Structure formats: structure tokens, C-alpha cells
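Just so you know, the protein sequences line up as chains B and Z, in that order. Using the numbering used here, you'd call the opening residue of the first sequence number -10 and step up by one each time. Using the numbering used here, you'd call the opening residue of the second sequence number 2 and step up by one each time.
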Amino acid sequence: MHRILLCVVACATAMPVAQAQESLPQMREELKNLQQKVDELEGRVKDAESTATQAASQASARPQTESALNPGISVILNGVYANLSRDPATYRINGFIPTMGDVAPPTRGFSLGESELAFTANVDHLLRGTLVGAISPDNDTIGVEEGYIQTIALSRGFTIKAGRFFSAVGYQNQIHAHAWDFTDAPLAMRAFLGGQLGEDGVQLRWLAPTALYWDMGTELGRGRAFPASLTPSGKNGAGSLNFFTHVGGDIGQSLAWQTGLSHLRTNPRDRTFDDPSAGITDSFSGTSRLWVASGILKWAPNGNATDNNFKLQGEYFHRNEEGTLVFDSPGSAIANGFASRQSGWYAQGVYQFMPQWRAGYRYDRLDSGTVGIDTAGAASFPILAGYQPKKHSVMVDWSPSEFSRLRLQVARDYSRMGEADNQLFLQYIVSLGAHGAHTF
Amino acid sequence: MKNLRKVLLASMAMAIGGQATAALNVFTCEPEWAALAQELGGDKVSVFSATTAQQDPHRVEARPSLIARIRSADLLICSGSQLEVGWLPLLFTQGGNGRIQPGAPGYIEASQYVLRLEVPKVVDRSLGDIHPGGNPHVHLDPRNIEKVGQVVTARLSEIDARNAGAYRARAEDFNKRWEAAMQKWRAEAQPLKGMPVVVYHKDLSYFINWAAMREAASLEPKPGIPPTPAHLAELVEQMKRSPAKAIVYSPYQNPGAAQFLSQRTSIPVVPLPFTVGGTPKAKDLFGLFDDTIERLVAVTK
């Protein structure tokens, strides 16, 4: 290539004398043409050189060891400072059967939240595997939050998931806590799902072949947590059954929406709970039927959420339970006929008012509804006395990058009858490793 | 339950019946690949783009409408190199469509078929949101469009063998027009040689490389981190020492920072189409390059 260049330049300079006598404009024209040719050749040489070096560097960039097939690994770290006017050890939601789940606010002062370790990769051409471990800082245990396999290539819109996964009951239950818009779960999730419901089981989902998003599915689970029994039922088959469906789509360029409906059926046997207000342990056996309706609306100008966006989210829960409630089950054990119809909802809005900054408000409301207890009567179960818990939460968060977030949240919580709990949380959430992908 | 079964069966019948007659469904992550698929597929394909020129392809969400679309896709074309890492993996798992999963004939990751620029030697998040596979915005080098186009034609012919002849004919026609256009652009872009520009994000690197321009600075202090006052103040100083010829930005970026720098340095701001649909003139791939070159050449005069 260089030789050609030299030749061109040499030819250009060593013009025959005869030509030099020709008119000046013509010579200029020819020089210009030659210059263009030189430029073009230079460009080609440069292309060829950069191509060669880049090909070499890109070839060597691919790891050749067995680690080349490592799964995507990510770590979520989160820490909270909590300032609470009421002791979280006395936390209860009046009017509702305690779930014995992880529902109380974090301890006062500084605390490390659950650290999450997630592995995910395609297993082969049919399956994808995911494992999410939660490391609890206080009792040094590692829990499996989610661990499931999922089909990726079944045709006709079917997907099967098996293992432990967050149940598709409602909307927020399926989302990991680090991706929530507020520090804590809505009251309705605490009262009806014991915080967040993870089930061991199988999920079958079908996605309709329509331009409008429509899916429906069912989950068969063991019933490993509230609202099912906390202790293993010891029976074959499914201990919990969930049906769900979602419809969603876009309205123009700027709006996206999704609504969902789910129905969770469990038959708890001896589901024990401590009644903190009576200081004894009771238990419930019977049927539990929960309906959840959810709606999400997201707005971003022209669908570009980088500068401003708004998210409106709400869920409504309704539960009927029927069966027997045993008063002081380890002691005197008096069985009572029991029937309850209870409900609750929350609505929240989060607005990103400038890049990296968001502010949001959430309103929580529960209704203890109608609770009927025979024989011993309601007096034996002070926790179930009629009450409408509510809560106001306001938050502001700052996300310097896609991988970190700092949040300030203040709330006034009326979960306890007649006692307001003023709460302040300061929280950080960061993610390391593989770039996360979040559900709508 | 009986009604439910009826609905289910009806929908499935619709799905099966629909697939037999309809054109090939092409799902693209970005509008430039939608335009390319339309050029090469013509009336044999029905093309959908997940994003518009007004949206940052790195920051859209796995919306229900996208899941619904990917479910019935026969061919997927995305830039790749982790550009869509925040949402595309979810579409793969939620859509449950085996035809377009990575490795299947229906999956095209465009950046894998071209030489990628800016492959980082060191990968660390303190450097911003960098892509370990290199810069993913490969479409702004016209030579890359040609390379990806060859892959698209090959896959269209493989998936839809009955129409292979039609695809070959369209590809020949497109290549002829594209070669001619590239020759024209090369001549038109001569004045851009060595021209220093300030970019917003490193999304124009392939064009800058093709036109042999020079990236003097970027408004983002680090890739993916929005402009900060401190960084802009630095840029004002830098531009006073060695001024750039233009400050450019793409339709999905906030023009505020570019205008701020322009007011303090009197360097002109040039909004570029970035992709098909980014400006009224960038109606297709030809218009995209015509308009980009025209807008930049205008400030060199």
C-alpha cells in the first residue's frame, strides 16, 4: 500500500515539463484529483490497519477458559438507618390474624438489610436457571429466596417455572425488595401475604398471541408460608393454588399500563400465631381465599423516562377465611367457629422530577371487615377487635447511576390501634456485577 | 371453567391460523434495524421496532406491549453488546418464544457482525456504564449497515425459504443503491475530516470514526452519568483553549447541557437524527446519513 502511495506522490511531483506548460487551472484540477486519490488510499490503509488490530484485540478479548460460561452473578447490598417512635418488637396489625412473617419495621438504629446474591444463566436450549440467596445479617443464615428453572423455548406462548419463586399473586409480590419504590412493603402485603409470599411449586403461564398483552396462569404450591400453614402439612399434592391473569399495553407513545387479577386458595391446618395483646398462642384451621386486583400506569414523555417519568400503582386485597380458631392451642385449647371477610388496599405515586431524583407518596388502608367468632367470643382474641389501620409514607430518592440509590422515607403508621408510629428511614441500595433487568 | 377453555381454544386456533398466512414478524430493538429489515424484506415482512428515536435504547422497560410483540416474532434484530441488557433478557424469559432466543436462527445481534470500537481494556463500573463488548451503537457507520444487511438477508432466506429468491433480489437492489450512496457520502463528508466535535454520549463514535472526525469531549462526565455543573464548567474552559466545531446530541438526549455550553463558548449546537425517525428528513436509512452529513457540513462552511 505504501509503495502505491509513494508512486502516486512521485508521479505527481515529477510531472513532465511538457505538461507544466499547460494552463494553470488544468494542473490544479489534476492535482486535486490526485489529492483525492491519495486521500482515498490513505483511508483504505487506515481501514485495513484498524480492522487488523481490532480483529486481533476482539479475538483475544473472549475468555478461552471454562469460566467463559460462568452464570451472570450479581450482588445487592442494602443498609438502613431507622428512627421509630414505637418499639418494632411490639409491632402488630390490629384487626388481623398475625402472619408470623417478616412484617415488622427494621430494628431501631443502623442495620444491614438482607444482602442478596443472584446467579442466573441459560441451562441449555430449553431451560434457564435462577438462584437468589438472601444472607440475613443477624442470625448468619443464608436463605433461598428464589431458586427455580424456567422454560425459554416452549412454543405457543407457554412458560413453565418450577422450584421456589415469588408467587404471581398481586403485582408487587413478584418484585424483589431492592426494586421497590418504598423502603418497606405496603400494609396489605404484610397483612395478607405475611410480607412477601415465596412458594415451592410449579407455575404454568400462557401468553396470548395478541398485540394487546394478555397472560394467564396457575401455580401449584406446597403451601410453605402464610396464608397456608407454617408447618409442613405432610400431605401429597398441592397445598396452595393460585390463578392469575394480566392485561396490559400502551396508550400512545407516552403511557403504558397493566392490570392484573389473582386468586389464591389455601387450606391451612393448625396455622399458629402468637397473639401479642393476649400473650398466648392460638391457631387457625380452615379455608383461606384471597383475591387481589392490581393496576399500574406509567408515564414518560414520548416513552423516554430518562428525564421525567411518573408511576402510579395500586392493589386491592380481599380475603375470606372460614374454619375453626383455637384459643390458647398449647394450653386449654378451646375451639371456636370462625369466619372473616377482610380487605385492604394501597395506592402510590412516584415522580421523577429531574434526572436521578424521584419523590413519592403512598397511602395504605386496611379494613378488618366482619369477623365472626362463636362460643368464646371476640373477647378472647383482642387482636381481632375491629379496626381500620392506615399509613402515610413519603419518600425521596437519588440514584447517581443505574447501580446505586439513596432513599429517605418518612411515614406515620397506624397499624397499632390508637398508637401512631412515626418512622424515618435512610437507606442505600447498590448492585454489583451483572446488569440487572427489572420487570415492568 | 368451560367458558375459559373455549376462550383458550379459540385464541390458540387464532394463533395457529394467523401464523400460516401472515408475513414474517420481525422484532427489532432499534428503529435503524427496523428500517433495514423493511428494505430487505419488503412486503414479505411485518416489522416492529421496540424503541423510537426519541427513546434511549438502554433505558426502556420490558413493557407488556413489548412482551406481547416478541411472543409472535420470527426474527429479532438488536444491536446487542449489552445495549438492551436492562430489558431484553426479560422479554426472552417472559415471551417464551424459542424461535428468537440467542443461538436460534431468528436471533441477530448486529454488533457481533461488525468490528466494534472502544472495546475497553479495563472493565470497572467506576468508569461509568461501559459495555464490556465495546461500543454498541454500530449503525452509524454505513459499512456496518451493509455487513448486518448480509446477515439479515441470509436469515430471512433461512427462516422463510419459500421467498429466498425475493430476498436475494431485494438484497442485490439494496446493495447497489447503498454502494452508490456510500460513494456519494464519502465525497460529501470530505469537509468533516479532522473536525472536532463535542458529543453528549458516546453514541456517535462509529460515525465519527467513519467520517474521520475527532471527538473532542463528551457532555457526560462518564458514560451513562448525566452532565454535572462541574464537568460543564471544565468543558467551558477546555473549549476556550481548543474550541470544537460543533456540539452534537441525539433526539433522546436533553438539549439543556449542549445549549449551556454553546451559550458560553458560541460553538453551534447541531441536533443529529441518530437513527431513523430522529429528524423529519431521516425517514429511512438513506435519509439518516444524508441528513447527518448535511447538518454537520453546514457548520463547517
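Ideal Cβ placement from N, Cα and C applies to all residues, glycine included. Bear in mind the structure is a predicted one, so any value in this text is a computation, not a measurement.
Cβ neighbour criterion (16 or more within 10 Å) applied to residue i
i: B/V315; result: buried
i: Z/A181; result: exposed
i: B/S329; result: buried
i: B/M384; result: buried
i: B/P52; result: Residue placement at B/P52 is flagged as unreliable, the pLDDT there being 48, under the threshold of 50; the coordinate-derived value follows with that caveat. B/P52 comes out exposed.
i: B/L58; result: exposed
i: Z/D44; result: exposed
i: Z/A299; result: exposed
i: B/Q337; result: buried
i: B/G425; result: buried
i: B/H427; result: exposed
i: B/H114; result: exposed
i: Z/M2; result: With a pLDDT of 46 at Z/M2, under the threshold of 50, the modelled position of this residue cannot be trusted, and the question is left open.
i: B/I131; result: exposed
i: B/V281; result: buried
i: B/M343; result: exposed
i: B/F273; result: buried
i: B/I362; result: buried
i: Z/R242; result: exposed
i: Z/A69; result: buried
i: B/A48; result: Per-residue confidence for B/A48 stands at a pLDDT of 48, beneath the threshold of 50, marking its modelled position as unreliable; no derived number is given.
Residue i - containing beta strand (DSSP E), residue span
i: B/K287; result: 269 to 288
i: B/N72; result: 61 to 73
i: B/N231; result: 229 to 240
i: B/H252; result: 244 to 255
i: B/S125; result: 116 to 125
i: B/P204; result: Sequence inspection shows Asp at residue 204 of chain B; the Pro mentioned does not correspond to that position. Element bounds for B/D204: 202 to 210.
i: Z/V199; result: 197 to 200
i: B/Q302; result: 298 to 316
i: B/L106; result: 104 to 111
i: B/G98; result: 98 to 101
i: B/T261; result: 260 to 264
Residue of the options minimising C-alpha distance to residue i
i: Z/V115; options: Z/V149, Z/L67, Z/Q83; result: Z/V149
i: Z/G135; options: Z/L118, Z/M240, Z/P32; result: Z/L118
i: B/R405; options: B/E311, B/K380, B/H424, B/T234; result: B/K380
i: B/L279; options: B/S243, B/W203, B/A180; result: B/A180
i: Z/A162; options: Z/G42, Z/P32, Z/W34; result: Z/G42
i: B/M386; options: B/I372, B/F414, B/A374, B/A409; result: This sequence places Asp at residue 386 of chain B; Met is not what is there. Out of B/I372, B/F414, B/A374, B/A409, B/F414 has the C-alpha closest to the C-alpha of B/D386.
i: Z/A212; options: Z/T266, Z/K185, Z/P228, Z/H202; result: Z/K185
i: Z/A51; options: B/G238, B/L13, B/M343, B/A174; result: B/G238
i: B/A423; options: B/G61, B/V27, B/Q15; result: B/G61
i: B/V112; options: B/L101, B/I141, B/T96, B/D363; result: B/I141
i: B/N309; options: B/G292, B/Q331, B/K300; result: B/Q331
i: B/L209; options: B/A217, B/G361, B/G333; result: B/A217
i: Z/L84; options: Z/E40, Z/E31, Z/A170, Z/V48; result: Z/E31
i: B/G187; options: B/D173, B/D259, B/T248, B/D91; result: B/D91
i: B/T313; options: B/V27, B/S277, B/F299; result: B/S277
i: Z/S47; options: Z/A63, Z/P58, Z/Q55, Z/V27; result: Z/V27
i: B/Y352; options: B/P77, B/S382, B/Q185, B/L143; result: B/S382
i: Z/S80; options: Z/T94, Z/S219, Z/H132, Z/S73; result: Z/H132
i: B/T79; options: B/D263, B/A197, B/G118, B/S229; result: B/D263
i: B/L397; options: B/L120, B/M16, B/I418, B/D410; result: B/I418
i: B/I392; options: B/G84, B/P175, B/V64; result: Sequence check: residue 392 of chain B is Phe here, not Ile. Considering only alpha carbons, the answer is B/V64.
i: B/Y340; options: B/T295, B/G183, B/D129, B/S357; result: B/T295
Element boundaries [alpha helix (DSSP H), containing residue i]
i: B/Q192; result: That residue, B/Q192, is in no alpha helix (DSSP H); its beta strand (DSSP E) goes 187 to 196.
i: Z/M183; result: 165 to 189
i: B/R179; result: 176 to 182
i: Z/S206; result: 206 to 211
My parser needs the beta strand (DSSP E) runs of 3 or more residues fully inside the segment 327 to 411 of chain B; what are they?
Listed in chain order, the beta strand (DSSP E) runs fully inside the segment 327 to 411 of chain B are 346 to 362, 379 to 390, 393 to 405, counting runs of at least 3 residues.
Residues of the segment 162 to 183 of chain Z with a CB closer than 8 Å to any CB of chain B: list them in chain order, please.
Legend: CB atoms of the segment 162 to 183 of chain Z lying less than 8 Å from CB atoms of chain B are not found in any residue.
Note down, one range per segment and in chain order, each beta strand (DSSP E) of at least 3 residues found wholly within the segment 93 to 162 of chain Z.
Runs found: 108 to 110.
Starting from the N-terminal side, write out each stretch of the beta strand (DSSP E) that is 3 residues or longer and does not extend beyond the segment 16 to 77 of chain Z.
The segment 16 to 77 of chain Z contains these whole beta strand (DSSP E) runs: 25 to 29, 46 to 50.
List in chain order: all unbroken alpha helix (DSSP H) runs of 4+ residues lying wholly within the segment 216 to 285 of chain Z.
Runs of the alpha helix (DSSP H) inside the segment 216 to 285 of chain Z: 230 to 242, 257 to 266.
Which of the residues in the segment 192 to 209 of chain B, read from start to end, lie with their CB under 9 Å from any CB of chain Z?
Of all residues in the segment 192 to 209 of chain B, only R194, W195, L196, A197, P198, T199, A200, L201, Y202, W203, D204, M205 place a beta-carbon less than 9 Å from a beta-carbon of chain Z.
Check distances from the C-beta atoms of the segment 290 to 304 of chain B to those of chain Z and list, in chain order, the residues that come in under 7 Å.
Taking 7 Å as the Cβ-Cβ cut-off against chain Z, the residues of the segment 290 to 304 of chain B that qualify are N291, G292, N293, A294, T295, D296.
In chain order, which beta strand (DSSP E) runs of at least 3 residues are fully inside the segment 136 to 170 of chain B?
DSSP runs (the beta strand (DSSP E)) wholly in the segment 136 to 170 of chain B: 147 to 155.
Check each residue of the segment 368 to 400 of chain B: if its Cβ is closer than 7 Å to any Cβ of chain Z, include it; give the result in chain order.
Legend: CB atoms of the segment 368 to 400 of chain B lying less than 7 Å from CB atoms of chain Z belong to residues S390, E391, F392.
At a Cβ cut of 8 Å, what residues of the segment 125 to 149 of chain B count as close to chain Z, listed as they run along the chain?
Per Cβ criterion, the list reads Q139, T140, I141, A142, L143, S144, R145, G146, F147, T148.
Which of the residues in the segment 53 to 87 of chain Z, read from start to end, lie with their CB under 8 Å from any CB of chain B?
Those would be T53, Q55, Q56, D57, R60, V61, E62, A63, R64, P65, S66, I68, A69, R70, R72, S73, Q83, V86, G87, in chain order.
Closer than 8 Å, Cβ to Cβ, to anything on chain B: give me those residues from the segment 216 to 250 of chain Z, in chain order.
For the segment 216 to 250 of chain Z, which is checked against every Cβ of chain B, the residues closer than 8 Å are G225, I226, P227.
Listed from N- to C-terminal order along the chain, which residues in the segment 146 to 175 of chain B have their beta-carbon within a distance smaller than 7 Å of any beta-carbon of chain Z?
Interface annotation for the segment 146 to 175 of chain B against chain Z: G146, F147, T148, criterion Cβ-Cβ distance under 7 Å.
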